[in-house]
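With our numbering applied, the sequence shown corresponds to residues 2 to 137, in that order. The C-beta atom is built at its ideal place from N, Cα and C for all residues, glycine as well.
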Amino acid sequence: MPPATQTGANTFGCLIDGWVYTGQRYDSDDKASYYPARNEDEKAIVSIDVRVDNNASISFNIIDPKEKDITIYSISEGASDDQTIYTDVIFKNENNQEEKLEDGIINITRFDLNNRIISGTFEGERIKEGRLDLKF
Numbered sequence: 002m003p004p005a006t007q008t009g010a011n012t013f014g015c016l017i018d019g020w021v022y023t024g025q026r027y028d029s030d031d032k033a034s035y036y037p038a039r040n041e042d043e044k045a046i047v048s049i050d051v052r053v054d055n056n057a058s059i060s061f062n063i064i065d066p067k068e069k070d071i072t073i074y075s076i077s078e079g080a081s082d083d084q085t086i087y088t089d090v091i092f093k094n095e096n097n098q099e100e101k102l103e104d105g106i107i108n109i110t111r112f113d114l115n116n117r118i119i120s121g122t123f124e125g126e127r128i129k130e131g132r133l134d135l136k137f
């Protein structure tokens, strides 16, 4: 697993059902995409799509990203007001079969629009010890 950094190192890693999945080894251009809100009724989105094997990838959206301190929480209690959810998690395996995973919670430790960096840790029901430090 890559270290949990906040420098825009373009690293990504997590456990899914206990198996380690990391980015960067297969595609050095693993980057997030930022979509700002177009009006006050919308929320900004950071879209993540990382190749974790020659033919496998993990993708998800971070809704309304905001920098905050890491928060201790229990996934069974759901998200509190100071936590950001991630949604639409797709794990595409080496056979190109897509599997939708459960939504989870991400604690963003750096969200820097000037340097275009998003860093943080994330976790869900089957995803554990997730960490990312990506440029967008």
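- DSSP places Leu114 in the coil class of the three-state scheme, outside both helix and strand.
- In this model, Phe61 and Arg111 are separated by some 18 Å (Cα to Cα).
- Secondary structure of Asp134 (DSSP, three-state): strand.
- Per DSSP, Val53 has no beta bridge partner at all.
- Measuring C-alpha to C-alpha distances from Glu41 to each of Tyr35, Ile59 and Asp65 identifies Asp65 as the nearest.
- It is roughly 23 Å from the alpha-carbon of Glu68 to the alpha-carbon of Glu126.
- Contact between Asn11 and Lys136 holds, with the beta-carbon distance rounding to 6 Å and staying under 8 Å.
- Considering only Pro37, Arg52, Cys15 and Lys44, the residue with the shortest C-alpha distance to Leu114 is Pro37.
- Within 10 angstroms of the beta-carbon of Ser120 lie 16 or more other beta-carbons, which makes it buried.
- Excluding its 5 nearest sequence neighbours in each direction, Val53 has C-beta neighbours in its own chain below 8 Å: Phe13, Tyr22, Thr23, Gly24, Tyr27 and Ile59, listed in chain order.
- Given a length threshold of 3 residues, each whole run of the beta strand (DSSP E) inside the region 3–49 is given here in chain order: 12–17, 20–23 and 33–36.
- Boundaries of the beta strand (DSSP E) harbouring Lys101: Glu99 to Leu102, taken from the DSSP string.
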